[in-house]
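Position 44 of the sequence shown, counted from 1, bears residue number 434 in our numbering, the numbering being contiguous throughout.
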Amino acid sequence: MTALVDVYITVPAGGGTEAETLLLVEGVSIDTAELIADRSVWPVLTKKSECARCTEEPLTETEHYVTPVAISSTKATEYFAWMQLPPAGGKVPWSMVAHHIAPGEVTAFSSHLRRRVSVQPMP
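In structure tokens, the structure reads:
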């Protein structure tokens, strides 16, 4: 069986004065993790997945993973990925976490999610 990894991303927190490392996706292939790291605008860390359920029958998005907020159906040559950050000061901020995502790469940012993500076309 292929080794699976979890992908963590370090994003701004506390109004941009601090950084926080959050689990972005869980139980993905090393190739998918490398793609996420290549397209990310923030530092990415991978760890061997401890997700026992990931090695068994894959769970559906509704059973375990977060469903993407939006994946634009607008045809484009490249896409952005935005991730919802933890609440700060009574607001729920979003941050662009990846860019220059090709149409065939969108699934890397829309499955096995542990955070809310929105994938939108780049202008």
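Ideal Cβ positions, reconstructed from N, Cα and C, are used throughout, including at glycine.
It should be emphasised that the depicted structure is a prediction, and the values quoted were computed from it without experimental measurement.
Residues near residue i by beta carbon distance below 8 Å, same chain, minus five either side
i, result
"Ala431", "At residue 431 the sequence reads Val, which differs from the Ala that was named. Met486, Val487, Ala488, His489, listed in sequence order."
Cβ shell of residue i (< 6 Å), same chain only, five flanking positions each side left out
i, result
"His502", "Val415, Glu416, Gly417, Val418, Tyr455"
"Asp428", "none"
"Gly494", "none"
"Ser439", "Leu394, Val395, Asp396, Gly417"
"Pro433", "Thr400"
Contact under 8 Å by Cβ, residue i with residue j
i, j, result
"Ile426", "Ala498", "yes"
"Tyr469", "Val507", "no"
"Pro513", "Thr464", "no"
Exposed unless 16 or more other CB atoms sit within 10 angstroms - verdict on residue i
i, result
"Ala423", "buried"
"Val509", "buried"
"Val482", "exposed"
"Ala393", "exposed"
Whole-angstrom C-beta distance between residue j and residue i, which should lie under 8 Å
i, j, result
"Thr400", "Thr411", "5 Å"
"Arg505", "Met473", "5 Å"
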